[in-house]
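Below is one structure, written out as structure tokens; the observations come after it.
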Amino acid sequence: MRFIATLTLSLMMIVSLSADVNVTFRANTAFVPDTLNAMSSVQMRGALPTLTWDNTSPVIFTNVGGDYWEATMTVPDATVGEYKFFTNSLPGPIDAAWGGWEGDPNRTLDLSGFSGSDTTLPLQYVNGYENGASQFDPPYETNDSTIVVHIRVNMQGWEDFNDETMWVGARGGFGDLDWGSTMWLTQESPHVNGGSQQYNADNFYSANVRVPLADATGSNGFKFVVHAAGSEPTQDWGDMLYNPNGDIPASYSGADTTLYWSWFAGLEPAGFTGTDTTPLTFKADFSTTIAENGYAIGDSVIVRYGYFGSAGEVSEAGLTKEGLFGNEYSVRIPEVTVNFGEKLYYQYYKLDESLAEYREIYFNFDYAGDTPSEAERREVIVTAADTTIMDVVVSTVDSRRQPLFRNTNAVGQHVTVSYTVDMRPAYWHVDAGVTLEDIQGNLDISRAGQIDSLGVFMNGPATGGWSGWGLDLASLEEKQLFDDGTHGDVTADDDVYTLQFEYAPDSSNNVIGQEFKFGIGGGDNESNYGLNHVENINDANDTYTIASAWGSINPNFYSLWDFDNMIGLVGVDEFVAPNALSLSQNYPNPFNPTTNISYILPQAGHVELVIYNALGQEVRTLKAGYSNAGSYSVNWNGLDHAGNSVASGLYIYTLTTGDQSISKKMLMLK
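Numbering (this note's numbering), first residue to last: 281 to 950.
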């Protein structure tokens, strides 16, 4: 028995002496210019059990969010040895001949004081000791009075970003950041290995935000912003885009830290696996934007297609004018790789004489997804080879409507502009039981009497700048619209409210293209974030009227109003749906030059109303987009896509939704 007991004790001692420890390593790569994307590789190599300095048996790290990586390895409990991090921005195995070795000295793992207990090491910053600090410290200066929060954003996923004309910054509510001005971020430099490997570090922008220790508690928010300034700004100027994904929490508790890097606006680079190659033709009618002072002689337009991985690559092509008359422009692209039956995202851009680029004013009201940036693009489903994509509809809400461009030039003379807003859509909806919610306060509108008593106000750059909503805006008499025959109002009590502003070439607010939004009682209750009115002033005369309709920037919410014909529609709850699609005979018939076409939809869906001539050639698309179930009426003014009057003769109009289609004949007599 004594022998067995002694043997058992000896075996226990041997097991104890050879116990293994699970060691978890945590690494932060915020300061490594060649560890830049979701496909990056992070390894650890060194002189430890099962670990060598070459690439034969590295420890592979797993990304746990942004710049943070983790790996666990098992070693004997008394292990002492050296190691280093090795990084690469490219996917797949890392070649030992090149890559991201961090600098000297080597790191040391010392488990001499451990006895079989698993452990997690303190967070280590890769390249974190190049400035002489401890190997566990980040490479920024620390002191006793402030902490440093390192923030970082990746612009690679925003396909319109141009680092030569756009400037990246941050605004927020802590430390060096405030909401009234921009802290500019530094574009990180590309890393070149041996003169041959160019990494994509220049997609990243970063900055250190210093926070007084007295304020270093709790959680505060900030946003990344982009200024389309055109050249290096010395102040906050240029069009500004906030990251629309909301505030990013900057949580800290008295210690220097980095935050996970973010894709700007949540936009990640999209992949593509399409195999269908086809010619595509893009055709757009510029009649509306020419009439509204958004396009002039000397301007040119390109179409850029393939956003969000919807084509083989994001490419562009210039449009040219068709014929001597009309305002239709088109381009035929001989070879585009797409997926038949799937969406292709695209957009029109205007280039002025200096080749400055301006994206069209567009929001896809028919968009049914949940990615805001996709709703800002045009989309089309390419169903067959050699498709022609036509954006020619005269409409304010149709997804196939004509392009509109903002005119960023200064007015050429003093102009008095009357801003009018037709409030009938608001009255119509609240009378139908719809509540107009205040998205930045609690001034919800549910009764017509509230509109009359609270009044209508206007906010935005067109008024001299954005004011705070609610009581802040309602206290500004100069931003209130009137329906009493004063302040430029033509007819009292007609539900059209008016306000006038003056613009001059030498004024601080002198741009032709103006942005604005309306609110009842000063509340932000017209529509959602980011949906604002943008209209161009016609400065050919010294007076001009910009006529808007309440809610036209969000027709999906104001679905009981037809913004193209400015009439109210019967509510869906009140509508008794027929069993089939209904298309009425146009009236009058024969006609010259206008006629009205009415139809009834049994259910919501994509609808097209198209006019053809007797030869079956398409003359005009009157409707192409999503509609709710209901009764509709559309006017045709006898013009074709090019804005030319059609000849006398027989025409066919066809209504299509889903797998149903109805056609009727009509006669134009001059």
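Using N, Cα and C, we set each Cβ at its ideal position, and we do this for glycine too.
Please return the same chain residues whose Cβ sits closer than 6 Å to the Cβ of valine 448, not counting the five positions on each side in sequence. Leu465, Tyr485, Val506
Report the three-state DSSP secondary structure of tyrosine 625 (helix, strand or coil). strand
Length at least 3, wholly inside the stretch 538-578: the beta strand (DSSP E) runs in chain order: 556-565
Let's test the definition: count the other Cβ atoms within 10 Å of the Cβ of valine 360 and tell me whether it reaches 16, buried, or not, exposed. exposed
When you compare the CB positions of glycine 578 and glutamate 633, do they come within less than 7 Å of one another, or not? yes
Go through the stretch 666-704 residue by residue and report every complete run of the beta strand (DSSP E) that reaches 3 residues or more, in order. 667-671, 695-702
Contacting residues, own chain, Cβ-Cβ under 8 Å from arginine 282 (five flanking each side not counted): Bear in mind that a pLDDT of 39 at arginine 282, under 50, signals an unreliable position, so the number given afterwards is only what the model happens to contain. Counting only Cβ-Cβ distances below 8 Å, and skipping sequence neighbours, we find nothing.
On the DSSP letters alone, give me the boundaries of the beta strand (DSSP E) that serine 907 sits inside. 898-907
Could you tell me the alpha carbon to alpha carbon distance between arginine 387 and aspartate 347, rounded to whole angstroms? 20 Å
Distance check for phenylalanine 620 and threonine 226, CA to CA, integer angstroms please. In the structure as shown, the chain begins at 281 and stops at 950. Residue 226 is therefore absent and cannot be evaluated.
Following the continuous alpha helix (DSSP H) through alanine 754, name the residue where it begins and the one where it ends. 751-754
Pairwise C-alpha distance: phenylalanine 566 and asparagine 607: 5 Å
Rounded to whole angstroms, what's the CA-CA distance from histidine 223 to proline 835? Just pull it up for me. The first residue shown for the chain is 281 and the last is 950, placing residue 223 beyond what the model contains.
Segment contact flag, the stretch 641-658 with the stretch 742-757, C-beta cutoff 8 Å, min 3 pairs: no
Taking DSSP as the reference, what is the three-state secondary structure of serine 653? helix
Would you tell me roughly how many angstroms separate the C-alpha atoms of arginine 680 and glycine 923, rounded to the nearest one? 16 Å
Given a cut-off of 7 Å on the beta-carbon distance, is the pair leucine 256 and leucine 756 in contact? Outside the displayed range of the chain (281 to 950) lies residue 256, so it cannot be described from this structure.
Tell me the DSSP secondary structure of aspartate 774 in three-state form. coil
Just to check my reading of the structure: tyrosine 906 and valine 899 have Cβ atoms closer than 8 Å, yes? What is that Cβ distance to the nearest angstrom? Actually they do not touch by this definition, with Cβ atoms about 23 Å apart.
Methionine 670 to glycine 649 span [Cα, whole Å]: 23 Å
Counting only the same chain and skipping the five closest in sequence on each side, list residues whose C-beta sits under 6 Å from that of tryptophan 459. Arg451
Expected contact under 8 Å - CB spacing of tryptophan 349 and phenylalanine 341 to nearest Å: 4 Å
Spatial distance of methionine 846 from asparagine 876 (CA atoms): 14 Å
Figure out for me which residue from Thr354, Thr743, Tyr609, Val355 has the closest Cα to the Cα of lysine 797. Thr743
Can you give the Cα-Cα distance for aspartate 482 and threonine 569, rounded to whole angstroms? 36 Å
Between the stretch 776-790 and the stretch 719-729, do three or more beta carbon pairs fall short of 8 Å? no
For proline 549, which residues from the same chain have a beta carbon less than 7 Å from its beta carbon, with the 5 sequence-adjacent residues on both sides left out? Gln436, Gly437
Does any residue of chain B have a CB that is nearer than 7 Å to the CB of leucine 547? Among the chains in the structure shown there is no chain B, since it carries only a single protein chain.
If you reduce the DSSP assignment to three classes, tell me which class tyrosine 707 lands in. helix
Could you check how far apart the C-beta atoms of proline 705 and tryptophan 841 are, in whole angstroms? I think they sit under 8 Å. 4 Å
Is the separation between the beta-carbon of valine 581 and that of lysine 630 shorter than 7 Å? yes
Do you know how far the Cα of arginine 584 is from the Cα of leucine 599? 11 Å
Just to confirm my understanding: we take glycine 345, look at its own chain, exclude 5 residues before and 5 after, and list those with CB closer than 7 Å. What are they? Tyr540
Determine whether the beta carbon atoms of asparagine 573 and asparagine 812 lie at a separation below 7 Å. no
Using three-state DSSP, classify isoleucine 719 as helix, strand or coil. coil
Rounded to a whole number of angstroms, what is the C-alpha to C-alpha distance between threonine 555 and threonine 696? 55 Å
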